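Encoded as structure tokens, the structure appears first; notes follow it.
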Amino acid sequence: MLKSASPSFAASLRSVLPESVFGEIQPRHRDEPRGHMRGKAGVLLLPSSTEQIAEIVRRAAAARVGIVPFGGGTGLVGGQVLPSGPDPVILSMERYARIREVDLDDGVLVTDAGAILADVQSAASDAGRIFPLSMASEGSCQIGGNLATNAGGMQVVRYGTARDLCLGLEAVLPDGSVFDGLHRLRKNNTGYDLKNLLIGSEGSLGVITSAVLRVDIPPGDSMSVLASISSPADAVDLFRKAKERLGNAVAVFELIRGTGFDFLREVRPDVRLPLPDSDWLVLAEFGDVTGSDLQGRIEGLMFAEIEAGRIVDAVVAQSIAQQHELRSLREMIPEANRLVGAIASHDISVPISRVSEFIEKGMEVSELFGPLRINCFGHVGDGNLHFNVFPPHGCGPEELAVLRESREAISEYIHELAYRCHGSFSAEHGIGRLKANELRRYGNPAGVEAMKKIKASLDPFGIMNPGAVLPPPLQD
């Protein structure tokens, strides 16, 4: 049974930690970004070294006090806030943010977990390399949180998820011991892969403190295309053709429903929207380090697809600034969604071959649950879709209240559909607390049982991010 972070517990910490480690809890430490839950207050600690983190964890384990690791606070499944139970330690990593080095021989960047993703990208760029993990929240999310949730972003099709971009890491385990795995090896078959066990565990098995990240040579040539298409099926077909013709030069391949642009018009009328009247669009980015005729190969693909009728219209970025402008349109869609206000949001993945089927059947929620607007967008290249459901334009308070009563039923329909398509109810945001019960419904029983045993073995007192990933009944 966990206990609260009491004044006496705080006093025991003050006896061994500098006063600078103690902070004042702000709303951002307690509020889930979309307002779905509010976390409990406790003791906010802002350590600046692995040794301080280890001391905090050792004392929390001895006192049976829960620890909630806190990164940038951008997670959308409640993994960073504890809404019930004893008051926890909120362990913020923001002061442990040093980028230590970029080593070009090993092709790595070594950083502490609290570093902002955009700063990691900048450090790699300053050394003539790229760190390709990229997402809309990169100006505030932290690399430790990216690893803890195995974040994906838009360039997974070429570079993989955060897991694929990490060679080694350091972490403090639930008993306060330090796992030092900060190696730079591409090959290391020395037993169980503890690094990959910790990546994606959302702080439930330990606190990631530092990491060795892969950096890559930036493409010499790059191009971006925004194309209007007729259907998601055409997007899947276009992606296959692009991979056949261009191979690893395909870096980004995004599907955007025209509703996303409608929402941008609604909340950001100042934004210029190319191809604004399209039902479906594809945003594709290509990059090549070989110096081959990238432009010619892309133009050949585009002309062939236009002649085949799969591309209705297209805009090609003519400069780096225009490439950034096209990507920014895609990155503004989640914020527009938030301002419009969704009834239910879903982060799912299905096999690429089932993307069109999932979307077609998913659209039926507007027939089953009322006059709803659906904004579906995401990463065709890895099958990850954000399927978000909104009230009709001009919806009054009473109608909105009725529609919101259907939230759980809508989510059950979408998650069940993803399951039937051999997909996942969680793709790149993790499980957190908001989706913990879905694991009970859709998780493989043998896999869930193994997860329970791993959790019990590494964290027998259940202090690490209690209630995240595995809900309490599954931890018993």
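Quick note: the sequence shown uses our numbering, first residue 26, plus one each step. We put the beta carbon where it would ideally sit given N, CA and C, even for glycine. Bear in mind the structure is a predicted one, so any value in this text is a computation, not a measurement.
Reduced DSSP secondary structure (H/G/I, E/B, other) of M248: It is a strand residue.
Among D372, L300, Q348 and K266, which residue has its Cα nearest to the Cα of M327? The shortest C-alpha separation from M327 is found at K266.
Pull the bridge partners of H404 from the DSSP assignment, please. DSSP lists E279 and N409 as partners of H404.
Return the CA-CA distance between V145 and T136, expressed in angstroms with no decimal places. In a straight line, the C-alpha of V145 is about 8 Å away from that of T136.
Rounded to whole angstroms, how far is the Cβ of G167 from the Cβ of I141, which I believe are closer than 8 Å? The residue asked about is misnamed: residue 167 is Gln in this sequence, not Gly. So it is a contact: roughly 6 Å between Cβ atoms.
Among the residues of its own chain, which have a CB less than 6 Å from the CB of V82, if the five just before and after it don't count? Counting only Cβ-Cβ distances below 6 Å, and skipping sequence neighbours, we find V197 and G201.
Does the Cβ of S344 have 16 or more other Cβ atoms within 10 Å, making it buried, or fewer, making it exposed? Classification of S344: exposed, given that the 10 Å Cβ count is below 16.
Buried versus exposed call for N413 [16 or more other C-beta atoms within 10 Å across all chains shown]: By the neighbour-count rule (16 or more Cβ atoms within 10 Å), N413 is buried.
Check this for me: beta carbons of V102 and G455, under 8 Å apart or not? The Cβ atoms of V102 and G455 sit closer than 8 Å to each other.
Going by DSSP in three states, V292 sits in which element: helix, strand or coil? Shown here, V292 sits in a helix according to DSSP, grouped into three states.
Quick one: Cα of L410 to Cα of D262, how far? Using only the alpha carbons, I get a separation of about 17 Å.
Who are R63's beta bridge partners in DSSP? According to DSSP, which records beta bridges pairwise, R63 is partnered with D56.
Distance, K478 Cα to D501 Cα: Low confidence applies to D501: its pLDDT is 47, below 50, so where it sits in the model is not reliable, and the reading given next is rough at best. Spanning the two alpha carbons is a distance of roughly 10 Å.
What does the alpha-carbon distance come out to for the pair G67 and V114? Counting only the Cα atoms, V114 lies some 6 Å from G67.
Cα separation between R84 and N490? The C-alpha of R84 lies about 15 Å from the C-alpha of N490.
Express the C-alpha separation of S29 and A461 in angstroms, rounding to a whole number. The straight-line gap from Cα to Cα measures roughly 23 Å.
K477 - partner residues in DSSP beta bridges: According to the DSSP secondary-structure assignment, K477 is paired through a beta bridge with no residue.
Identify, in the order they occur along the chain, each residue of the same chain with its Cβ nearer than 8 Å to the Cβ of T174, setting aside the five sequence neighbours on each side. Counting only Cβ-Cβ distances below 8 Å, and skipping sequence neighbours, we find G100, G104, A187, G225, E227, E453, H454 and G455.
Looking at the unbroken alpha helix (DSSP H) that takes in P359, where does it start and where does it end? Start and end: I345 to V365.
Helix, strand or coil, according to DSSP, for L393 in the structure here? Three-state DSSP puts L393 in a helix.
Just to confirm before moving on: does the CB-CB distance between G406 and F278 stay below 8 Å? G406 is a Cβ neighbour of F278, given a cutoff of 8 Å.
Quick one: is R39 buried, meaning 16 or more other Cβ sit within 10 Å of its Cβ, or exposed? Note on R39: under 16 other CB atoms within 10 angstroms of its CB, so exposed under the neighbour-count rule.
So P328 is in the alpha helix (DSSP H); what residue range does that whole segment cover? According to the sequence displayed, residue 328 carries Phe and not Pro. From DSSP, the alpha helix (DSSP H) with F328 extends over L319 to E332.
Buried or exposed: P257, going by 16 or more other Cβ atoms within 10 Å of its Cβ? Counting Cβ neighbours within 10 Å, P257 comes out buried, since at least 16 surround it.
My understanding is that H54 touches L69, with C-beta atoms under 8 Å, so please give their C-beta distance in whole angstroms. About 6 Å separates the two Cβ atoms, so the contact holds.
With the cut-off set at 8 Å, would you say I377 and G408 are in Cβ contact? Taking 8 Å as the Cβ cut-off, I377 and G408 qualify as a contacting pair.
Of the residues G153, A143 and G387, the one placed nearest S162, counting alpha carbons only: The option with the nearest alpha carbon to S162 is A143.
Is L238 close to the ligand GTP? I mean its beta-carbon at under 7 Å from any heavy atom of the ligand. As for the ligand GTP, it is missing from this structure, which has no ligand bound.
How many Å lie between F156 and A276 at the Cα? Using only the alpha carbons, I get a separation of about 13 Å.
Could you tell me if P416 is buried or exposed, where buried requires 16 or more neighbouring beta carbons within 10 angstroms of its beta carbon? Buried.
Is Y217 buried or exposed, if buried means 16 or more other CB atoms sit within 10 Å of its CB? Flag for Y217 reads exposed.
By Cβ distance below 7 Å, which residues in the same chain neighbour L425 in space, the five residues on each side in sequence not counted? The answer, listed in chain order, is P416.
Excluding the 5 residues flanking S449 on each side, which residues of the same chain have their C-beta closer than 6 Å to its C-beta? Short of 6 Å from the beta carbon of S449, and not among the five residues preceding or following it, lie these beta carbons of its own chain, in chain order: S374.
Secondary structure at D130, three-state DSSP: helix, strand or coil? Three-state result, D130: coil.
Could you tell me how far apart the beta carbons of Y311 and L298 are, in whole angstroms, since I believe they sit closer than 8 Å? In the sequence as displayed, the identity of residue 311 is Phe instead of Tyr. About 22 Å separates the CB atoms of F311 and L298; that is not less than 8 Å, and the two are not in contact.
Can you tell me whether S159 is buried or exposed? The criterion is at least 16 other CB atoms within 10 Å of its CB, across all chains shown. S159 should be labelled buried.
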